[in-house]
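Trainee:
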Amino acid sequence: MTGRIVVAGGSMGGLRAAEQLRAAGWTGAVTVVGDEPHMPYNRPPLSKEVLAGRAPFASLAFTPKAAAADVEWRLGTKAVGARLDERTVTLDDGSTLSYDGLVVATGMRPRRLRCPGPLAGRHTVRTLADARGLREELTRPGVRVVVVGAGFIGCEVAATAAGLGVGEVTVVDPLPLPMAGPLGDLLGRALLRRHERRGVRFALGTGVTGFEGTDRVTGVVLGDGTVLPADVVVESVGSVANVEWLQDNGLDLTDGVLTCAQLRVGGRPDVVAVGDVARFPNARYDGVPRRVEHWSIPADTARHAAKALVAHLLGEEREPAPFAPLPTFWSDQHDFRLQSFGAPVLGLGDVRVLDGDPDGDPEGDVLVGYHHTDRLVGVVALGGRTAALDAARYRAQLLQQPALTA
Amino acid sequence: MKVVVDMNKCQDHGQCVFAAPDVFSFDDAGRLAYVPDPDDALRDEVEEAADVCPLQAIRIEG
Ligand SMILES: Cc1cc2nc3c(=O)[nH]c(=O)nc-3n(C[C@H](O)[C@H](O)[C@H](O)COP(=O)(O)OP(=O)(O)OC[C@H]3O[C@@H](n4cnc5c(N)ncnc54)[C@H](O)[C@@H]3O)c2cc1C
Ligand code: SF4
Numbered sequence: 001m002t003g004r005i006v007v008a009g010g011s012m013g014g015l016r017a018a019e020q021l022r023a024a025g026w027t028g029a030v031t032v033v034g035d036e037p038h039m040p041y042n043r044p045p046l047s048k049e050v051l052a053g054r055a056p057f058a059s060l061a062f063t064p065k066a067a068a069a070d071v072e073w074r075l076g077t078k079a080v081g082a083r084l085d086e087r088t089v090t091l092d093d094g095s096t097l098s099y100d101g102l103v104v105a106t107g108m109r110p111r112r113l114r115c116p117g118p119l120a121g122r123h124t125v126r127t128l129a130d131a132r133g134l135r136e137e138l139t140r141p142g143v144r145v146v147v148v149g150a151g152f153i154g155c156e157v158a159a160t161a162a163g164l165g166v167g168e169v170t171v172v173d174p175l176p177l178p179m180a181g182p183l184g185d186l187l188g189r190a191l192l193r194r195h196e197r198r199g200v201r202f203a204l205g206t207g208v209t210g211f212e213g214t215d216r217v218t219g220v221v222l223g224d225g226t227v228l229p230a231d232v233v234v235e236s237v238g239s240v241a242n243v244e245w246l247q248d249n250g251l252d253l254t255d256g257v258l259t260c261a262q263l264r265v266g267g268r269p270d271v272v273a274v275g276d277v278a279r280f281p282n283a284r285y286d287g288v289p290r291r292v293e294h295w296s297i298p299a300d301t302a303r304h305a306a307k308a309l310v311a312h313l314l315g316e317e318r319e320p321a322p323f324a325p326l327p328t329f330w331s332d333q334h335d336f337r338l339q340s341f342g343a344p345v346l347g348l349g350d351v352r353v354l355d356g357d358p359d360g361d362p363e364g365d366v367l368v369g370y371h372h373t374d375r376l377v378g379v380v381a382l383g384g385r386t387a388a389l390d391a392a393r394y395r396a397q398l399l400q401q402p403a404l405t406a
Numbered sequence: 001m002k003v004v005v006d007m008n009k010c011q012d013h014g015q016c017v018f019a020a021p022d023v024f025s026f027d028d029a030g031r032l033a034y035v036p037d038p039d040d041a042l043r044d045e046v047e048e049a050a051d052v053c054p055l056q057a058i059r060i061e062g
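If you read the protein sequences in the order shown, they are chains A and B. Just so we're aligned, residue 1 is where the first sequence starts under full-length UniProt numbering, counting upward by one. Just so we're aligned, residue 1 is where the second sequence starts under full-length UniProt numbering, counting upward by one.
#1: Quick one: is D278 of chain A near chain B, going by C-beta distance under 8 Å?
#2: Span of the beta strand (DSSP E) holding T96 of chain A?
#3: If I measure Cβ to Cβ from V4 of chain B and keep anything under 6 Å in the same chain, skipping five residues before and after, which residues do I get?
#4: Taking C-beta pairs closer than 8 Å, name the residues in chain A that G30 of chain B reaches, listed in chain order.
#5: Can you name, in chain order, every residue of its own chain whose Cβ lies under 6 Å from the Cβ of A406 of chain A, other than the five neighbours on each side?
#6: Sorry if obvious, but does the Cβ on W73 of chain A come closer than 7 Å to a heavy atom of ligand 1?
#7: Identify whether F152 of chain A lies in helix, strand or coil by the three-state DSSP scheme.
#8: Just checking N282 of chain A against ligand 1 - is the residue's beta carbon closer than 7 Å to any of the ligand's heavy atoms?
#9: Where does L113 of chain A fall in DSSP's three states?
#10: So E235 of chain A and V148 of chain A are in contact, right, with Cβ under 8 Å, and what is the actual spacing, rounded?
#11: When you compare only the Cα positions, how much space is there between G384 of chain A and R135 of chain A?
#12: So, under 8 Å CB-CB, V277 of chain A and G107 of chain A are touching, yes? Tell me the CB distance rounded to an integer number of Å.
#13: On a Cα-Cα basis, can you pick out the residue from A:L51, A:R193 and A:D100 that is closest to T139 of chain A?
#14: For a contact meaning CB atoms closer than 8 Å, what does V52 of chain B contact in chain A?
#15: Among the residues of its own chain, which have a CB less than 6 Å from the CB of D27 of chain B, if the five just before and after it don't count?
#16: Going along chain E, which residues have a C-beta under 8 Å from W330 of chain A?
#17: Determine the direct distance from the alpha carbon of G121 of chain A to that of G142 of chain A, and round the result to whole angstroms.
#18: What did DSSP end up calling L177 of chain A once you bin it into helix, strand or coil?
#19: In chain order, what residues of the same chain have a beta carbon less than 7 Å from the beta carbon of G117 of chain A, not counting five sequence neighbours either side?
#20: Please find out if some non-hydrogen atom of ligand 1 comes closer than 7 Å to the beta-carbon of I153 of chain A.
#21: Is there a Cβ from chain A that is less than 8 Å from the Cβ of F26 of chain B?
#22: Do the stretch 67 to 83 of chain A and the stretch 9 to 27 of chain A touch if we need at least three Cβ pairs shorter than 8 Å?
#23: Please decide whether N242 of chain A counts as near chain B, where near means a Cβ-Cβ distance under 8 Å.
#24: With a threshold of 8 Å on Cβ separation, who are the neighbours of A129 of chain A within its own chain once the five nearest residues in sequence on each side are excluded?
#25: Apply the 10 Å Cβ neighbour rule to L399 of chain A and answer buried if 16 or more other Cβ atoms are within range, or exposed otherwise.
#26: For P298 of chain A, report the span of its alpha helix (DSSP H) as first-last.
#27: For chain B, is any of its Cβ atoms less than 8 Å away from the one on N42 of chain A?
#28: Just to confirm the assignment, what range does the beta strand (DSSP E) spanning D56 of chain B have?
#29: Considering just the uninterrupted stretch of the beta strand (DSSP E) at Q400 of chain A, what are its terminal residues?
#30: With a CB to CB cut of under 7 Å and the five nearest residues on each side skipped, what residues in its chain are close to A55 of chain A?
#31: Could you list which residues in chain B have their beta carbon closer than 8 Å to that of A273 of chain A, in chain order?
#32: Mind checking if F336 of chain A is an interface residue toward chain B, Cβ cutoff 8 Å exclusive?
#33: For V71 of chain A, report the span of its beta strand (DSSP E) as first-last.
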C-alpha cells in the first residue's frame, strides 16, 4: 500500500492512533509530528506519583506496540498550518508533508491567568518539563504554595504538595467548593473536608486579581483584597485546545475541533480527531458534542477514528456504528481515590447517594449516582480501593442504558 | 502469548478486568489475579487491557 497518514500530536492520542491505524489494516506510511522532544509519556503521574517522587520520571514512557515499530516520529517538530483541500501540513522547520489521511491529536495546553505580576515562580502542570520544574521548587524546605484552581489537577497537586511536607498549601477558587463543577456539591463538600483534614487550606468563593513581587512571585492577591504569601504558585485553571494550526480551513474550532459521530472533522472522510482535542457527540448520551479530558478517551477515540479513516482510505463502504464510549476517570489525592464511570456532569441536577453516608464518618467510602430524567448516567466513588470497585459494579448498568436521545 | 503484570506498579484500578475479564480478575481479597498464558484468541482483549491500564503495568510477551 502506498500513501501516508500524518498524525499531528505525539502524546498518548497520537501513539494510540498510530497503533490503531496498523490494527485497522493500514500498511502505508505513518508519520507522527510532535512538538515535545520526548516519545509519548503518561501524564497522570505528573501531578501525583512522579511529582511526589514515588516514581521516577523514566517510568512515564509508554511502550509502543510492535505493530507500530515502523512509524516515523518527527519529534521536536510542530505543525504550524494545514491546507485540508490540498491535503498538506506545514511544519515549523519549513517543510510540508502531504497526506492521504490526517489524524488531529494535538491535545491541550494549560490556560494562563492574565492578571498583572511577575511570571517567575508561577507554574502549570502538563508536561514532563513542567513537573520537573515544579518538583524542584516544592522540595525546597518550608515553601508556601498557592494553587489557583480547585479542579482535578489543582487538588491533586495540593495533595502532593501537602504530602511532600511543604510549609503550607492553599487552594484558591471562585467557586464555593472544590471540583464542584464536574462532581457537584455533595462530593465537593466531602472532598473539601478530606483535604482540610490532611492540612490543605482553602480560599474559596474568591478569584485571583494579581500577583505580588518584582523579580518573582511573593504573594497572590485575591478578589477580596487579601494577599496570600506565596513562594510557589501553581495555576490549574483549565486548558486551551491546540488548534491554531488548523485555522483557515472553515472548521469549527470554538472549543477543540468539532467532529461527527465517526470522529471525522469538517465533513472530510480523510481527517479525524482523537483525544482531548476532539469535541465529539457521544451516541450513548444526548448527541451534544463535548470534549472529554479523561485518560480513557485517547485510546477509545483512536480505536474508533482509525477504523473510520482506514475504511475510507481502503475504499470500504462499511460505516462503523456511531462512537459511544463509556468515559472513565480516576483521580488519586492524598490516600484516597475518586473513580468515575459515565458522565456525572449530565446528571448534576439529580445526585443520589448510592452507598455510604457523606455527612457521617468523614473518612467513610461514599458512592454517588448522577441521574438524568431518572436514568443513571454516571457513578462516582470516593474512598479507598474497594470504593472504586463498588463503583465498577454499576458499570454494566451504565453500559446497557439506551441512548438518552432515544 | 505470555502476560506479565508488574505487581509493584499495579494499583488495582481494575481497568484490565473490564477490558479482558477472561484473563484478569480480582480475588476475594480484592487483589488482581490473572492468567499468565492466555490463549492467542484473546490477544485483542489483552492488548486492550494493556492499553487501558493507568499504570501501564501490563506487558505482553510473544
Ligand atoms: C497533570 C495531569 C494529570 C492528569 N491526571 C489524570 C487522571 O488522574 N485521570 C484521568 O483520567 N486523566 C488525567 N489527565 C488527563 C489525561 O492525561 C489526558 O486526557 C491525556 O493526556 C490526553 O492525551 P492527548 O494525546 O489527547 O493530548 P495531550 O496529552 O495534550 O497531547 C498532545 C500532544 O500534541 C503536542 N502538540 C500540540 N500542538 C502541536 C502542534 N501544533 N504540532 C505538533 N505537536 C503538537 C503536544 O505538545 C502534546 O505532546 C491528566 C492530565 C494532566 C496534564
Ligand atoms: S489496570 Fe493496571 S493497575 Fe489496574 S488492576 Fe489492571 S494491571 Fe493493575
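Where a beta carbon is used, it is the ideal one built from N, C-alpha and C, also for glycine.
Mentor: This is what the structure holds:
#1: Position 278 of the first sequence holds residue 278 of chain A. Going by the sequence as given, residue 278 of chain A is Ala instead of Asp. By this cut-off, A278 of chain A is not an interface position.
#2: Looking up residue 96 of chain A in the first sequence gives position 96. T96 to S98 is the span of the beta strand (DSSP E), which, as asked, contains T96 of chain A.
#3: Your numbering for residue 4 of chain B matches position 4 in the second sequence. Correct list, in chain order: R59.
#4: Counting from 1 along the second sequence, the entry for residue 30 of chain B is found at position 30. Simply R385, T386 and L389.
#5: Within the first sequence, numbered from 1, the residue matching residue 406 of chain A stands at position 406. Low per-residue confidence applies at A406 of chain A: pLDDT is 44, beneath 50, and the placement is therefore not dependable, though the value from the model is reported in the following sentence. Once the five neighbours on either side are set aside, A406 of chain A has no close Cβ partner at all.
#6: Your numbering for residue 73 of chain A matches position 73 in the first sequence. Result no, Cβ not under 7 Å from ligand 1.
#7: The residue you call residue 152 of chain A lines up with position 152 of the first sequence. Correct three-state label for F152 of chain A: helix.
#8: Here residue 282 of chain A refers to the residue found at position 282 of the first sequence. No.
#9: Here the question's residue 113 of chain A lines up with position 113 in the first sequence. Note: L113 of chain A maps to coil in three-state DSSP.
#10: Residue 235 of chain A sits at position 235 when you count from the first residue of the first sequence. Residue 148 of chain A sits at position 148 when you count from the first residue of the first sequence. Going by Cβ atoms, the distance from E235 of chain A to V148 of chain A rounds to 5 Å, so yes, they are a contact pair.
#11: Looking up residue 384 of chain A in the first sequence gives position 384. Looking up residue 135 of chain A in the first sequence gives position 135. Using only the alpha carbons, I get a separation of about 26 Å.
#12: As a working mapping, residue 277 of chain A is identified with position 277 in the first sequence. As a working mapping, residue 107 of chain A is identified with position 107 in the first sequence. About 5 Å; that satisfies the 8 Å criterion.
#13: Along the first sequence, read from residue 1 onward, the residue named residue 139 of chain A stands at position 139. With distances taken between Cα atoms, T139 of chain A lies closest to A:L51.
#14: Stepping through the second sequence from its first residue, residue 52 of chain B is reached at position 52. S296 and A299, listed in chain order.
#15: Translated into positions along the second sequence, residue 27 of chain B becomes position 27. Closer than 6 Å at Cβ, skipping near neighbours: A33.
#16: This model lacks chain E altogether, as its protein chains are A and B.
#17: As a first step, residue 142 of chain A must be located in the first sequence, where it is residue number 142. As a first step, residue 121 of chain A must be located in the first sequence, where it is residue number 121. Between G142 of chain A and G121 of chain A, the C-alpha separation is close to 15 Å.
#18: Stepping through the first sequence from its first residue, residue 177 of chain A is reached at position 177. The answer is coil: DSSP assigns L177 of chain A none of H, G, I, E or B.
#19: Locating residue 117 of chain A in the first sequence gives position 117, where the first residue counts as 1. Cβ neighbours of G117 of chain A beyond the five flanking positions: G210, F211, E212, G213 and V217.
#20: Taking the first sequence and counting its residues from 1, the one referred to as residue 153 of chain A is at position 153. I153 of chain A Cβ: within cutoff of ligand 1.
#21: Your numbering for residue 26 of chain B matches position 26 in the second sequence. Chain A contact via Cβ: present.
#22: yes
#23: Counting from one through the first sequence, the residue named residue 242 of chain A turns up at place 242. Judged by the 8 Å Cβ criterion, N242 of chain A is not in contact with chain B.
#24: Working through the first sequence from its first residue, we reach residue 129 of chain A at position 129. Nothing meets the Cβ criterion.
#25: For the purposes of this step, residue 399 of chain A is identified with residue 399 of the first sequence, where counting begins at 1. L399 of chain A comes out exposed.
#26: What you label residue 298 of chain A is simply residue 298 of the first sequence in a count that begins at 1. From DSSP, the alpha helix (DSSP H) with P298 of chain A extends over S296 to L313.
#27: Counting from 1 along the first sequence, the entry for residue 42 of chain A is found at position 42. Answer yes: the Cβ-Cβ gap between N42 of chain A and chain B drops below 8 Å somewhere.
#28: Sequence index remark: in the second sequence, residue 56 of chain B carries index 56 (1-based). Checking the displayed sequence, the identity of residue 56 of chain B turns out to be Gln instead of Asp. Here Q56 of chain B belongs to no beta strand (DSSP E), and DSSP marks it neither H nor E.
#29: Translated into the one-based positions of the first sequence, residue 400 of chain A becomes position 400. That residue, Q400 of chain A, is in no beta strand (DSSP E); its alpha helix (DSSP H) goes R395 to Q400.
#30: As a first step, residue 55 of chain A is located in the first sequence; it is residue number 55 there, counting from the start. So the list reads P45 and E49, once near-sequence residues are dropped.
#31: By one-based count along the first sequence, residue 273 of chain A stands at place 273. Ordered by position in chain B, no residue passes the 8 Å Cβ test against A273 of chain A, which lies about 19 Å from the chain.
#32: Within the first sequence, the letter at position 336 stands for residue 336 of chain A. Chain B, which has no Cβ nearer than 8 Å to the Cβ of F336 of chain A, makes this no.
#33: In the first sequence, residue 71 of chain A corresponds to position 71, counting from 1. It is not in any beta strand (DSSP E) - V71 of chain A carries neither H nor E in the DSSP assignment.
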